[in-house]
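Notes to accompany the following structure.
2 protein chains.
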Amino acid sequence: MKLPRLSRAAFERHLPILTWSRSYDRDTLTSDAVAAVIVTIMLIPQSLAYAIFGTSRALAVGPVAVVSLMTAAAVGNLGLQSPAEYAAAAITLAFISGVLLTLMGVLRLGFLANFLSHPVIAGFITASGVLIATSQLKHIFGISAHGHALPEIIASLLASQHLTNPITLFIGLSTVGFLFWVRKGLKPLLLALGLKPRLADILAKAGPVAAVAITTLAVWVFDLENKGVAIVGEVPMGLPPLTAPSLNPELWGQLFMSAVLISIIGFVESVSVAQTLAAKKRQRITPDQELVGLGTSNIAAAMTGGYPVTGGFARSVVNFDAGAETPAAGAFTAIGILLAALLLTPLLYFLPKATLAATIIVAVLSLVDFSILKRAWGYSVVDFAAVAATIVLTLGVGVEMGVSAGVVLSVGLFLYKTSRPHVAEVGLVPGTQHFRNILRHEVLTDPFIVSLRIDESLYFANARFLEDYVYNRIACEEPIRHVILMCSAVNEIDMSALESLEAINSRLQDLGISLHLSEVKGPVMDRLQRSHFLDELSGKVFLSQYEAMRSLSTSPHIDRASAAH
Amino acid sequence: MKLPRLSRAAFERHLPILTWSRSYDRDTLTSDAVAAVIVTIMLIPQSLAYAIFGTSRALAVGPVAVVSLMTAAAVGNLGLQSPAEYAAAAITLAFISGVLLTLMGVLRLGFLANFLSHPVIAGFITASGVLIATSQLKHIFGISAHGHALPEIIASLLASQHLTNPITLFIGLSTVGFLFWVRKGLKPLLLALGLKPRLADILAKAGPVAAVAITTLAVWVFDLENKGVAIVGEVPMGLPPLTAPSLNPELWGQLFMSAVLISIIGFVESVSVAQTLAAKKRQRITPDQELVGLGTSNIAAAMTGGYPVTGGFARSVVNFDAGAETPAAGAFTAIGILLAALLLTPLLYFLPKATLAATIIVAVLSLVDFSILKRAWGYSVVDFAAVAATIVLTLGVGVEMGVSAGVVLSVGLFLYKTSRPHVAEVGLVPGTQHFRNILRHEVLTDPFIVSLRIDESLYFANARFLEDYVYNRIACEEPIRHVILMCSAVNEIDMSALESLEAINSRLQDLGISLHLSEVKGPVMDRLQRSHFLDELSGKVFLSQYEAMRSLSTSPHIDRASAAH
């Protein structure tokens with residue numbers, strides 16, 4: 001194998017840092033550093049929460065809500081007992097996911113993410129938000145519960161043997177209330193008090209930090225730990241240890257499908273937000289290169305005790321709003337979180353779990369948006385079916401089933417539609433050379449000619465449908481002499497459809513009817529020329545439907561229409 | 001629920017016998033009876049062979065080669081020991097398959113069969129023929145072997161501890177040679193001897209009966225049984241017993257996926273041959289009604305000790321060639337086979353297994369046709385990939401894997417193609433109102449207008465592709481003012497694609513470029529009108545691309561072209 005000589009351009013494509021680092025100056029540095037400080041402040045409570053509940057300390061990379069939930073579901077299904085086994089499985093999941101993402105990037109499989117439709121993604125995120133919020137309720141009530149789907153979680157909440165601790169409930173509910181108020185009411189208040197918009201914005205976004213500080217202080221001052229309020233307790237301090245993923249083939253087998261789903265969901269979330277933000281600045285991203293970036297991040301996470309990570313909506317938007325200009329802002333954030341992990345963890349000993357749960361609930365409920373159901377219903381039944389199935393199955397059975405069902409259903413319904421294509425019988429719009437559906441427009445036709453516009457590529461799933469359609473159409477009393485298939489919407493004729501066309505041609509010929517094609521596209525024509533079909537065709541192939549009608553019609557209408565023009 | 005009043009027409013649709021029995025006369029009876037005699041003669045050896053090797057006596061219904069192979073593979077995978085368990089599993093398989101087929105018919109799921117493309121079916125039948133022929137070699141050589149895929153069967157033939165029995169080998173090879181000669185050489189010889197074509201045809205087709213008679217006689221006369229020639233021995237005589245399928249849920253679980261595949265393959269084989277033959281007589285079949293017919297046949301098979309059955313290519317063609325006019329011919333054949341089962345089985349005691357194997361080998365080798373590989377290669381790489389994968393995996397791994405891989409691959413490649421659609425930049429063909437690809441035709445364009453014809457429905461899998469394509473196209477030095485998306489090939493715009501169109505519209509608007517649509521089809525337009533997109537669209541929706549160009553272009557070329565017309 002000859003190694004390709006890597007040009008400077010190729011290097012820059014695969015190592016994007018080479019591009020932006022050359023123009024990195026003092027101003028850009030300031031912007032990035034400010035963004036890093038803001039994101040660090042934002043991330044401390046949420047990241048710590050995931051780190052604590054996920055038994056992982058990989059704060060420097062991005063654990064996000066939905067992927068955390070999927071990780072918990074995947075690892076929870078294994079029926080492991082000890083936290084160490086749990087952590088080892090999560091690390092292995094991150095590693096498999098990292099390898100898969102990197103491979104997908106190298107093999108340029110980024111297009112696979114396109115099979116998750118927008119409605120399925122929206123439904124999945126909404127349902128996941130509800131699931132995550134529900135699963136945190138136990139910390140607000142100070143009771144125990146478990147499960148990965150709504151019926152299970154609710155049943156286990158209701159069946160809990162513990163009594164609700166009133167102080168825990170008070171902390172949880174007041175934090176939830178405070179955080180919602182911070183979101184909606186604090187910024188307008190600060191602006192009314194005369195603060196500058198930028199500063200008001202930063203203060204409003206730092207609300208969770210205030211909640212963490214106040215409730216932690218309250219626990220310490222009033223000794224609430226001994227009054228039944230669950231606290232975070234000892235948080236491992238310092239740098240993350242180097243870890244190695246398990247290479248146990250059985251564990252890999254159990255985790256593989258979960259890793260595939262987590263990789264694709266994480267990738268879609270990343271690419272969606274990256275594209276949205278890139279578009280705002282007229283920049284472009286390369287999905288396959290993003291895959292490699294995410295893959296290596298996950299491998300790095302696995303090496304430092306982390307679980308699967310991805311680029312999250314919330315943190316990326318904060319980073320962008322805070323003024324980040326290059327990926328260096330991410331590195332600065334990492335340094336900030338590192339310092340927090342080294343220095344701040346002892347301060348979090350008295351942090352109530354109810355506060356963390358409240359932070360998570362408020363964060364994920366902002367992702368919940370059931371209006372997608374209404375919009376999909378108004379637009380198309382198929383889109384509605386995909387969203388509804390995704391939401392119902394995610395809530396009722398679990399995240400993996402929900403997203404898989406959404407994909408399978410949307411692909412299945414697409415295939416079903418293409419297997420029964422719309423076929424329009426067309427006629428000439430008077431005064432033009434344009435042909436439209438005879439049922440929708442006032443058009444001119446010829447009693448001896450049937451013009452059928454087939455609104456789909458012809459392939460195996462609809463080859464038989466086409467035969468049936470044509471045979472049914474000609475089974476009438478009219479003295480049909482010509483059938484013209486208008487192929488303006490036929491983007492492909494595969495071998496099965498070719499055989500059907502041959503069958504139609506020979507059957508029509510037996511009945512004394514000629515078969516013609518019109519408006520056959522270049523790539524389709526290229527392929528037909530490689531078969532014997534064009535030699536056997538009883539009629540002709542016309543450049544346009546208009547030319548076909550002019551040449552075949554004996555009706556004075558058609559000629560008059562064209563002459564009038 | 002209100003019960004629908006069944007009209008006479010509905011009765012006839014669901015009980016087709018009502019239609020043809022009314023016009024049943026003496027001539028039709030004669031034709032059907034002659035066909036029945038011929039098919040009975042044809043079927044005795046082959047049906048007996050399947051009955052013996054499949055440990056089933058359901059001769060009255062149609063066991064066919066490929067479905068027999070799939071049944072053997074499915075039941076063989078269960079690791080059963082006794083022939084009784086084997087038979088019970090086969091009966092249960094027939095029952096599940098019957099229920100599935102009937103349900104599919106009632107639910108009008110006949111269209112599912114369309115997802116098996118012609119090349120996949122052809123590849124599957126060819127590979128199955130090779131597998132069946134190879135699996136019969138052990139009887140020709142008089143050794144033992146097993147397995148459901150080629151490597152396994154060949155390895156087990158080579159590893160056989162038995163020595164080849166020379167007499168068995170002689171019987172086997174000479175029967176194979178004789179049967180091939182009968183197929184190719186006997187009919188011309190009989191015609192040369194002055195026989196009438198119809199009689200020569202019947203005699204030539206009765207060749208297997210002669211082979212069975214001669215070899216059976218030879219074994220009896222020369223006492224070959226005691227010289228190591230394996231014979232059929234005791235064949236259960238008389239009417240089939242009434243049997244009941246097992247209702248063991250575990251067995252149902254193990255057999256379910258096999259039953260699904262067998263049902264679909266059997267149905268496709270049935271419908272293909274039925275459609276081909278119906279077309280020859282200008283008749284039509286109703287696939288959903290065929291499903292019910294096949295389903296009840298399978299349930300009947302399960303009730304009488306049979307295994308999964310279907311309408312086979314070979315027997316149906318024989319039936320048709322022999323002059324059958326109505327399904328009554330099938331009933332007469334059933335009576336013929338019943339009489340054979342009652343009276344002829346003792347005569348078959350000395351029939352060598354090698355003769356049966358030779359009959360099967362010659363019959364299935366006529367199904368083997370590797371030329372499909374060459375034809376697919378010449379026509380399209382995608383079709384070739386589907387055939388090649390089907391053949392290689394059927395031979396190498398087994399029938400179920402082969403056909404599943406063929407379906408998954410052809411559907412997957414279709415989806416892949418639609419996710420990266422062909423987009424043509426189009427211009428006006430001079431002297432017409434027709435627009436074609438600027439790279440293939442001499443066309444007129446306007447430097448301020450980009451006209452893109454999108455050759456695919458817009459749906460979730462290609463929504464992002466469209467955005468990328470449009471953004472890349474406008475990222476140039478040209479002073480573009482209008483982008484027209486020509487939607488003649490867009491048969492569907494789903495919600496994901498709608499969101500992409502909204503994104504394109506707003507991005508183009510920011511750049512001072514208007515977005516227009518042309519030739520939007522009725523059903524697509526209906527849907528767009530239910531969204532806000534048309535209100536937000538910066539440009540217009542034109543009936544035709546020509547109208548769009550006439551209205552937007554300032555180029556004198558375009559006006560001159562239309563004026564010249």
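For the record, the sequence lines run as chains A and B.
Count the first sequence with the numbering used here and you get residues 1 to 565, in order.
Count the second sequence with the numbering used here and you get residues 1 to 565, in order.
Just so it is clear, CB atoms sit at the ideal spot from N, CA and C, and this is done for glycine as well.
Since this is a predicted model, take the numbers as computed values, not measurements.
For B/Ala159, the three-state secondary structure derived from DSSP is coil. Chain B has a Cβ within less than 8 angstroms of the Cβ of A/Gln433. Around the beta-carbon of A/Cys487, 16 or more other beta-carbon atoms lie within 10 Å, marking it buried.
At a cut-off of 8 angstroms between beta carbons, A/Ser531 contacts chain B. Of all residues in the stretch 414 to 448 of chain B, only Phe414, Leu415, Tyr416, Lys417, Thr418, Ser419, Arg420, Pro421, His422, Ala424, Val429, Thr432, Gln433, His434, Arg436, Asn437, Leu439, Arg440, His441 come within less than 9 angstroms of chain A when Cβ atoms are compared, listed by chain position.
CA-CA distance, B/Leu100 to B/Thr286, rounds to 18 angstroms.
Spatial neighbours of A/Leu131 in its own chain (CB-CB distance under 8 angstroms, excluding positions within 5 residues in sequence) are listed in chain order as Leu69, His148, Ala149, Leu150, Ile153, Thr394, Leu395, Val399. The straight-line gap separating the alpha-carbon atoms of B/Tyr546 and B/Gln433 is approximately 6 angstroms. Between A/Phe95 and the set A/Ile337, A/Gly306, A/Val182, A/Leu158, the nearest pair of CA atoms involves A/Gly306. When only Cα atoms are considered, B/Leu356 and B/Phe115 end up about 35 angstroms apart.
For B/His482, the enclosing beta strand (DSSP E) stretches over residues 482 to 486. Every beta strand (DSSP E) stretch that sits fully inside the stretch 371 to 450 of chain A and reaches 3 residues is listed by chain position as 423 to 428, 435 to 437. The residue among B/Ile262, B/Glu467, B/Met303 with its C-alpha nearest the C-alpha of B/Leu291 is B/Ile262. Sequence-distant partners of A/Ser246 (beyond 5 residues in either direction) whose C-beta falls short of 7 angstroms from its own C-beta, in its chain, are Ala88, Thr92. Listed in chain order, the positions of the stretch 484 to 496 of chain A with a beta carbon within less than 7 angstroms of a beta carbon of chain B are Ser488, Ala489, Asn491, Glu492, Asp494, Met495, Ser496. Taken through DSSP and simplified to helix, strand or coil, B/Arg183 comes out as helix. Going by C-alpha positions, B/Val268 is about 36 angstroms away from B/Asp526. With a beta-carbon spacing of about 38 angstroms, A/Val411 and A/Leu428 fall beyond the 8 angstroms limit used to define contacts. Membership of B/His118 in the alpha helix (DSSP H) is indicated by the continuous run 118 to 141. Taking a 10 Å sphere around the C-beta of A/Pro119, we find 16 or more other C-beta atoms and assign the residue as buried. B/Ser506 places its beta carbon 8 angstroms or farther from that of B/Ala461. The contact set of A/Lys521 on chain B, defined by CB atoms closer than 7 angstroms, consists of Asp455 in chain order.
Listed in chain order, the positions of the stretch 372 to 395 of chain B with a beta carbon within less than 8 angstroms of a beta carbon of chain A are Arg375, Ala376, Gly378, Tyr379, Ser380, Val382, Asp383. In the DSSP assignment, the residues bridged to A/Arg453 are A/Ala424, A/Met486.
Boundaries of the beta strand (DSSP E) harbouring A/Ser518: 514 to 518, taken from the DSSP string. Per DSSP, the unbroken alpha helix (DSSP H) holding A/Glu502 starts and ends at 495 to 510. Taking 8 angstroms as the threshold, the shortest C-beta distance from B/Asn462 to chain A falls below it.
Taking B/Val176 as reference, the option from B/Leu137, B/Pro166, B/His162, B/Pro188 with the minimal CA-CA separation is B/Leu137. Excluding its 5 nearest sequence neighbours in each direction, B/Leu413 has C-beta neighbours in its own chain below 6 angstroms: Val382, listed in chain order. Taking C-alpha positions only, A/Lys187 is separated from A/Val209 by approximately 15 angstroms. With respect to A/Ile493, A/Val524 sits close: the two C-beta atoms are nearer than 8 angstroms. Only those residues of the stretch 108 to 141 of chain A whose C-beta falls short of 7 angstroms from the nearest C-beta of chain B are listed: Phe111, Asn114, Phe115, Ser117, His118, Pro119. Residue pairing by DSSP places A/Ile153 in no beta bridge whatsoever. Taking C-beta atoms as the reference points, A/Val364 and A/Gly129 count as a pair closer than 8 angstroms. For the pair of segments examined, the stretch 218 to 230 of chain A was found to touch the stretch 345 to 359 of chain A: the number of CB pairs separated by less than 8 angstroms reaches three.
In the assembly as shown, A/His482 is a buried residue. Its beta-carbon has 16 or more other beta-carbons within 10 Å.
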